[in-house]
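K.L.:
Sequential numbering from 13 applies to the sequence shown in our numbering.
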Amino acid sequence: MRKRILAGNWKMNKTASEAVALVAAMKDELCQFSSVDRVLCPPFMAIPEVARLVAGTELGLGAQDMYWKDAGAFTGEISPLMVKEFCTHVLIGHSERREHFGERDESVNLKLKAALAHGLIPVVCVGETLALRQEGRTESWVAGQVRAALAGLSGEQAAGVVIAYEPIWAIGTGLAATAAEAQRVCKEVVRATVAGLYGQAVAESLRIQYGGSVTPANAPELMAQADIDGALVGGASLKAADFVAIVSAAAQAQPLA
Ligand code: PEP
Numbered sequence: 013m014r015k016r017i018l019a020g021n022w023k024m025n026k027t028a029s030e031a032v033a034l035v036a037a038m039k040d041e042l043c044q045f046s047s048v049d050r051v052l053c054p055p056f057m058a059i060p061e062v063a064r065l066v067a068g069t070e071l072g073l074g075a076q077d078m079y080w081k082d083a084g085a086f087t088g089e090i091s092p093l094m095v096k097e098f099c100t101h102v103l104i105g106h107s108e109r110r111e112h113f114g115e116r117d118e119s120v121n122l123k124l125k126a127a128l129a130h131g132l133i134p135v136v137c138v139g140e141t142l143a144l145r146q147e148g149r150t151e152s153w154v155a156g157q158v159r160a161a162l163a164g165l166s167g168e169q170a171a172g173v174v175i176a177y178e179p180i181w182a183i184g185t186g187l188a189a190t191a192a193e194a195q196r197v198c199k200e201v202v203r204a205t206v207a208g209l210y211g212q213a214v215a216e217s218l219r220i221q222y223g224g225s226v227t228p229a230n231a232p233e234l235m236a237q238a239d240i241d242g243a244l245v246g247g248a249s250l251k252a253a254d255f256v257a258i259v260s261a262a263a264q265a266q267p268l269a
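#1: Roughly how many whole angstroms lie between the Cα atoms of Ile183 and Asn21?
#2: Any contact between the region 23 to 36 and the region 87 to 104? By contact I mean 3 or more CB pairs, one from each, below 8 Å.
#3: Got a sec: does the ligand PEP put a non-hydrogen atom nearer than 8 Å to the Cβ of Val154?
#4: Compare the beta carbon distance of Leu244 and Ala19 with 9 Å and say whether it is the shorter of the two.
#5: State the Cα-Cα distance for the pair Ser225 and Gly242, rounded to the nearest angstrom.
#6: Would Ala262 and Val48 be called neighbours here (beta carbons separated by less than 9 Å)?
#7: Can you give me the C-alpha to C-alpha distance between Pro228 and Gln266, rounded to a whole angstrom?
#8: Does DSSP put Cys53 in a helix, a strand or coil?
#9: Where are the alpha helix (DSSP H) runs, 4 residues long or more, that stay fully inside the region 71 to 121, in chain order?
#10: Could you have a look at Pro134 and say whether DSSP puts it in helix, strand or coil?
#11: Is Asn21 near the ligand NAD - that is, is its Cβ less than 8 Å away from at least one heavy atom of it?
#12: Would you say the beta carbon of Cys43 comes nearer than 8 Å to a heavy atom of the ligand PEP?
#13: Does the structure place the region 92 to 111 close enough to the region 125 to 132 that three or more beta carbon pairs sit under 8 Å?
#14: Is DSSP giving Ile175 helix, strand or coil here?
#15: Where do the N-terminal and C-terminal ends of the beta strand (DSSP E) with Gln221 fall, by residue?
#16: Give a yes or no on whether the C-beta atoms belonging to Val201 and Tyr222 are separated by under 9 Å.
#17: Could you name each continuous alpha helix (DSSP H) segment of 4 residues or more that falls completely within the region 161 to 206, going from the start of the chain to the end?
#18: Taking 9 Å as the cut-off, decide whether the C-beta atoms of Lys15 and Arg219 are in contact.
#19: What residues in its chain sit with their C-beta under 6 Å from that of Glu111, if we drop five residues either side in the sequence?
#20: Quick check: is any heavy atom of the ligand PEP less than 8 Å from the C-beta of Leu52?
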């Protein structure tokens, strides 16, 4: 049975001291929902402080990106060794990294392999732009991103990856995908692509999140979908009450197959 996973991507928000206040405001409530995995992804500068606060709890801590090399002359980058000293998870290939910082399918794949090699749980983001959707290319684009991300991984490795389906037109816009459409892409594109690569058993154990304007209002319906195994939450994860409500909705949804 898949365990739902809810991750809050704080993006470039919250100084270290602000991060402490945000975690303090939601930590105790988040800790109550142990039927789902809960992961906080603050900016790098806040990670050590947040790590101290979540130590001894079941809350996961994620980096928002990392480089794939262990160390060396890569000014400005963060290595898997640095990440794993504090974190359990790492976001890879977020659309904002792809759009603004030149992230490519090839680097996503290298980062994914590095994360797995270092025992980090990777959350790999895929999703189409509005233009691609309007051109009828959603399926081929998302399937291509999934294939490229997983290239060279064994079935066992692939089963340990979390894929976040995040239509770019839904991120930060307030226009979430309908639950039916998110379910369709998660099942018929993401899970089906993984089934084509590794077989049904691996596909059934892979966790797929939906991301894109998830709120306390739409979370219950999204989380009730059979192939949506959680959410990657941006804006709403910056408000303690909203993130707790989204986690609560996921915890209350029917158990996954
Ligand atoms: C995200 O940052 O991955 C995201 C889905 O953002 P938002 O929830 O704000 O749309």
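Every residue gets a Cβ at the ideal spot worked out from N, C-alpha and C, and that includes glycine.
P.N.:
In this structure, then:
#1: What you label residue 183 is simply residue 171 of the sequence shown in a count that begins at 1. What you label residue 21 is simply residue 9 of the sequence shown in a count that begins at 1. Taking the straight line from one Cα to the other gives about 11 Å.
#2: no
#3: Against the sequence shown, residue 154 aligns to sequence position 142. Checking every heavy atom of the ligand PEP against the Cβ of Val154, none is found closer than 8 Å.
#4: Taking the first residue of the sequence shown as 1, we reach residue 244 at position 232. Taking the first residue of the sequence shown as 1, we reach residue 19 at position 7. Taking 9 Å as the Cβ cut-off, Leu244 and Ala19 qualify as a contacting pair.
#5: For the purposes of this step, residue 225 is taken as the residue at position 213 of the sequence shown. For the purposes of this step, residue 242 is taken as the residue at position 230 of the sequence shown. The alpha-carbon atoms of Ser225 and Gly242 are separated by roughly 13 Å.
#6: As a position in the sequence shown, residue 262 is number 250, starting the count at 1. As a position in the sequence shown, residue 48 is number 36, starting the count at 1. Cβ distance < 9 Å, so Ala262 and Val48 count as in contact.
#7: In the sequence shown, the residue the question calls residue 228 occupies position 216. In the sequence shown, the residue the question calls residue 266 occupies position 254. Spanning the two alpha carbons is a distance of roughly 17 Å.
#8: Position 41 of the sequence shown, counted from the start, is the residue given in the question as residue 53. In this structure, Cys53 counts as strand in the three-state DSSP scheme.
#9: 92 to 96 and 107 to 112
#10: Counted from its first residue, the sequence shown places residue 134 at position 122. Strand, per DSSP.
#11: You won't find the ligand NAD in this model; what it holds is the ligand PEP.
#12: The count along the sequence shown starts at 1 and reaches residue 43 at position 31. No; taking the cut-off as 8 Å, the Cβ of Cys43 has no heavy atom of the ligand PEP nearer than that.
#13: yes
#14: Looking up residue 175 in the sequence shown gives position 163. If DSSP states are grouped into helix, strand and coil, Ile175 belongs with the strands.
#15: Position 209 of the sequence shown, counted from the first residue, corresponds to residue 221. Looking at the DSSP string, the run of the beta strand (DSSP E) that includes Gln221 is Arg219 to Gly223.
#16: Your numbering for residue 201 matches position 189 in the sequence shown. Your numbering for residue 222 matches position 210 in the sequence shown. No.
#17: 167 to 171 and 191 to 196
#18: On the sequence shown, position 3 is the one that residue 15 refers to. On the sequence shown, position 207 is the one that residue 219 refers to. Yes. Within cutoff.
#19: Start at 1 with the first residue of the sequence shown, and residue 111 comes out as number 99. Result list for Glu111: empty, nothing under 6 Å.
#20: Position 40 of the sequence shown, counting from 1, holds the residue named residue 52. Result no, Cβ not under 8 Å from the ligand PEP.
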